[in-house]
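> Letter 172 of the sequence shown, counting from 1, is numbered 189 in the numbering used here, and no numbers are missing. We put the beta carbon where it would ideally sit given N, CA and C, even for glycine. Fair warning: this is a prediction, and the values are worked out from it, not measured in the lab. Right, I'll just put the structure down here and ask away after.
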Amino acid sequence: MSVRELVVLGTASQVPTRHRNHNGYLLRWGAEGILFDPGEGTQRQMLRAGVAAHDINRICITHFHGDHSLGLAGVIQRINLDRVPHEVVAHYPASGQRYFDRLRYATAYRETVQLTEAPVAADGPLATTGAYQLLAHRLSHPVESFGYRLVEPDGRRMLPEKLAAHGIRGPDVGRIQREGALREVTLDQVSEERRGQRFAFVMDTRLCDGVYALAEDCDLLVIESTFLDEDEQLAKDHGHLTAGQAARVAREAGVRHLVLTHFSQRYADPDAFERQARAAGFDGELTIAADLLRVPLPTRRP
């Protein structure tokens, strides 16, 4: 069975702490790995988490503040040092091209890997594969920032008891899937709709339309909650969310599993983020992210 999980590499905001590295998140989506916002120290965190350069197929940068991108130079060089055999695609705000160029070529190294640059300039689809569609939505931060969303295509789940009742077995199962009918039995009679899974990654932003568009009906939402609610004005001034705001977004968007992360170093008690998220009315599965944690995507909806 293919693995779908979030590997948390770092959870700090602007300043790392003794227990929290700068940002970094690897989403394992079956055979592919998508690295989000590799901050400083990501290469070492990958080693600690058992993540190899070969696991990376895409890199998604939300914006070019250092805690979300300074690790990019090391990650790119490691991909080349390890001679990753497949193409790696990098998505990032087009307005930050000069920063990407500087990070990509920060020092001398030998390029051995096809790294394809795919800058993001507007909302909408970025890539479509057989396993997912990747989309971007603009966020509200002092520098241009985009969040990312993966949507798996809807499919169908075969029902063994229905297949048996109609005498369909072996190669005929594949045939009815391909052709839609077999011996007057339709695909609808022996299967049911299988809703595709949905994932979103929302970093530095105030509340805005993009936050809700990304979070809508997600199975797993990873979202910044830099501040606690008592510092809501500070959050707004600096282009961030509070724990309560992030949780209300998740509640209103119908999120199943909420992961809060990107915590300011000013707070010593991570349980406070959980208390405020619950006080905001979110009653789904909730994770307060910690470095090196693994968070599986929820099982499919029945």
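For R295, which residues of its own chain have a beta-carbon under 8 Å away from its beta-carbon, when the five flanking residues on both sides are left out?
Position 278 of the sequence shown holds residue 295. Correct list, in chain order: A264, L303.
> Just the Cα atoms here: how many angstroms apart are R211 and E291?
Counted from its first residue, the sequence shown places residue 211 at position 194. Counted from its first residue, the sequence shown places residue 291 at position 274. Taking the straight line from one Cα to the other gives about 32 Å.
> I think G213 touches P170, with their Cβ atoms under 8 Å apart; what is that distance to the nearest whole Å?
The sequence position of residue 213 within the sequence shown is 196, counting from 1. The sequence position of residue 170 within the sequence shown is 153, counting from 1. Contact flag correct, Cβ pair sits at about 5 Å.
> For D118 and A66, I'd like the C-alpha separation in whole angstroms.
Along the sequence shown, one-based indexing puts residue 118 at 101. Along the sequence shown, one-based indexing puts residue 66 at 49. Their backbone Cα atoms lie some 28 Å apart in a straight line.
> May I have the straight-line CA-CA distance separating A260 from M175, to the nearest angstrom?
Mapped onto the sequence shown, residue 260 falls at position 243. Mapped onto the sequence shown, residue 175 falls at position 158. If you take the alpha carbons of A260 and M175, they lie about 40 Å apart.
> State the start and end residues of the unbroken alpha helix (DSSP H) segment that holds R192.
What you label residue 192 is simply residue 175 of the sequence shown in a count that begins at 1. 188 to 196 is the span of the alpha helix (DSSP H), which, as asked, contains R192.
> Could you check the C-alpha separation between D300 and P315 for me, to the nearest Å?
By one-based count along the sequence shown, residue 300 stands at place 283. By one-based count along the sequence shown, residue 315 stands at place 298. Straight-line Cα distance between these residues: approximately 15 Å.
> By the 10 Å Cβ neighbour count, where 16 or more other Cβ atoms means buried, how is G83 classified, buried or exposed?
Working through the sequence shown from its first residue, we reach residue 83 at position 66. G83 is exposed by the Cβ-count criterion.
> Pairs of beta-carbons, one from the segment 126 to 139 and one from the segment 201 to 208, closer than 8 Å: are there three or more?
Because the criterion of three Cβ pairs below 8 Å is not met, the segment 126 to 139 and the segment 201 to 208 do not touch.
> Which residue marks the beginning of the beta strand (DSSP E) containing T304, and which one marks its end?
Position 287 of the sequence shown, counted from the start, is the residue given in the question as residue 304. Taken as a continuous stretch (DSSP letters only), the beta strand (DSSP E) holding T304 covers 302 to 305.
> Work out the CA separation of P102 and R73 for me, nearest whole Å.
The residue you call residue 73 lines up with position 56 of the sequence shown. The residue you call residue 102 lines up with position 85 of the sequence shown. Note that residue 73 is Ile in the sequence shown here, rather than Arg. Rounded to whole angstroms, I73 to P102 spans 11 Å at the Cα level.
> Tell me which same chain residues have a C-beta within less than 7 Å of the C-beta of V272, skipping the five on either side of it?
As a first step, residue 272 must be located in the sequence shown, where it is residue number 255. Answer for V272: A232, C235, L238, G301, listed in chain order.
> Would you mind reading off the limits of the beta strand (DSSP E) that contains A217?
Indexing the sequence shown from 1 puts residue 217 at position 200. Taken as a continuous stretch (DSSP letters only), the beta strand (DSSP E) holding A217 covers 215 to 219.
> Sorted by chain position, which residues of the same chain lie with C-beta nearer than 6 Å to R95's C-beta, five sequence neighbours on each side aside?
As a working note, residue 95 is residue 78 in the sequence shown. Q60, A70.
> Where do the N-terminal and C-terminal ends of the alpha helix (DSSP H) with H279 fall, by residue?
In the sequence shown, counting from the first residue as 1, residue 279 sits at position 262. That residue, H279, is in no alpha helix (DSSP H); it is neither H nor E in DSSP.
> With a threshold of 6 Å on Cβ separation, who are the neighbours of V13 within its own chain once the five nearest residues in sequence on each side are excluded?
The structure shown does not extend to residue 13, since the chain is modelled only from 18 through 319, so no value can be given for it.
> Assuming P313 and R21 are in contact, meaning their beta carbons sit under 8 Å apart, how far apart are those beta carbons, in whole angstroms?
Here residue 313 is taken as the residue at index 296 of the sequence shown, counted from 1. Here residue 21 is taken as the residue at index 4 of the sequence shown, counted from 1. Contact holds; Cβ gap of about 7 Å.
> Tell me Y109's beta-bridge partners as DSSP assigns them.
Position 92 of the sequence shown, counted from the first residue, corresponds to residue 109. Beta-bridge pairing links Y109 to P136.
> Expressed to the nearest angstrom, what Euclidean distance is found between the alpha-carbon atoms of L87 and A297?
The residue you call residue 87 lines up with position 70 of the sequence shown. The residue you call residue 297 lines up with position 280 of the sequence shown. L87 and A297: Cα-Cα distance of roughly 34 Å.
> Just to confirm, are D246 and Q293 a CB contact at a threshold of 7 Å?
Walking along the sequence shown from the start, residue 246 turns up at place 229. Walking along the sequence shown from the start, residue 293 turns up at place 276. Yes; because the gap between Cβ atoms is below 7 Å, this pair is in contact.
> F218 and F53 - do their beta-carbons sit closer together than 7 Å?
Counting from 1 along the sequence shown, the entry for residue 53 is found at position 36. Counting from 1 along the sequence shown, the entry for residue 218 is found at position 201. Yes, the Cβ-Cβ distance between F53 and F218 is below 7 Å.
> Exposed or buried, P188, counting other C-beta atoms within 10 Å across all chains shown (16 or more means buried)?
Mapped onto the sequence shown, residue 188 falls at position 171. Looking at its Cβ environment, which holds fewer than 16 other Cβ atoms inside 10 Å, P188 is exposed.
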